[in-house]
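Novice: Residue numbers (my numbering): 834 to 1064. Where is the CB? At the ideal position from N, CA and C, for every residue including glycine. Before we start, here is the structure in question, set down as structure tokens.
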């Protein structure tokens, strides 16, 4: 059985995104892993996170955390947390246009490796923010989102509403499962594939997802962070 929920995308009519059916055993095992791993991660890294928080506050004016609306399961909005990596008041229109062009496949004269990466040499990003993004430390507050149930450790990355405004119909099933910190796209082809190719990996994950696949993807992601791979 599937359930459905409506999501309003910009000024468009409300869309209905079916929620993918999930076996009870897998859902319980996945949630247990999410809670145990994210709580342990927050506890073990709390000294590092405290230092990062202080550094963010001292380097530039503004809040320590960046709060942004993302779309989660079934397209429901939630507040996603990250360490702030940009100067206070940085405009978002440049990133909006950048993302829309990449989703539509427009204006890409770079290799496929530039497919869905952040804007290069972005002047909005602080010096500390550049380091936080490269080390992925800016993402650690999202463990709070995992504890709250907004996100999972593994799943498609949660999109910003203005991304979904330009989705094609076949992209929408990315919203049919709980979004994650990492996923099949991030662990295997992030930065080397076009948006459509990445979405195809997300949809493949939704079809194949299992507890052991999640464990393998978590392990692969942690290894990539250790060796400093960008994704």
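Decide yes or no for the touch test of the stretch 890-907 against the stretch 866-875: beta carbon pairs closer than 8 Å, at least 3 of them.
Specialist: no
Novice: Are residue 973 and residue 875 touching if we call contact CB-CB under 9 Å?
Specialist: Reading the chain shown from its first residue, position 140 is the one you call residue 973. Reading the chain shown from its first residue, position 42 is the one you call residue 875. In this structure, residue 875 lies closer than 9 Å to residue 973 by Cβ.
Novice: Under 8 Å by Cβ, that's how I've got residue 1011 and residue 985 pegged, so tell me the actual separation to the nearest angstrom.
Specialist: For this step, residue 1011 is matched to residue 178 along the chain shown. For this step, residue 985 is matched to residue 152 along the chain shown. Their Cβ separation, rounded to whole angstroms, is 5 Å, which keeps residue 1011 and residue 985 in contact under 8 Å.
Novice: Is the number of C-beta pairs between the stretch 895-915 and the stretch 978-994 that are closer than 8 Å three or more?
Specialist: yes
Novice: Could you spell out the range, first to last residue, of the beta strand (DSSP E) harbouring residue 910?
Specialist: Start at 1 with the first residue of the chain shown, and residue 910 comes out as number 77. Note, residue 910: beta strand (DSSP E), 910-916.
Novice: With DSSP collapsed to three states, give me the class of residue 1015.
Specialist: Start at 1 with the first residue of the chain shown, and residue 1015 comes out as number 182. Here residue 1015 carries a strand assignment [DSSP, helix/strand/coil].
Novice: Using the three-state DSSP reduction, which class does residue 929 fall into: helix, strand or coil?
Specialist: On the chain shown, position 96 is the one that residue 929 refers to. Here residue 929 sits in helix by DSSP.
Novice: Among the candidates 960, 856 and 982, whose CA atom is the shortest distance from the CA of residue 905?
Specialist: The residue labelled residue 905 in the question sits at position 72 within the chain shown. Checking every option, the nearest Cα to that of residue 905 belongs to 982.
Novice: Please list the terminal residues of the continuous beta strand (DSSP E) segment that includes residue 1027.
Specialist: For the purposes of this step, residue 1027 is taken as residue 194 along the chain shown, with counting starting at 1. Run containing residue 1027: none; DSSP gives neither H nor E here.
Novice: Please check if any C-beta of chain C sits within less than 9 Å of the C-beta of residue 1019.
Specialist: Reference to chain C is not applicable here, since this structure consists of a single protein chain.
Novice: At the level of alpha carbons, what is the spacing between residue 946 and residue 968?
Specialist: Here residue 946 is taken as the residue at index 113 of the chain shown, counted from 1. Here residue 968 is taken as the residue at index 135 of the chain shown, counted from 1. Unreliable placement is indicated for residue 946, whose pLDDT of 36 sits below 50; no coordinate value is reported for it.
Novice: Please list the segments of the beta strand (DSSP E) lying wholly inside the stretch 947-999, counting only runs of 3 or more residues, in order along the chain.
Specialist: You should have 985-987.
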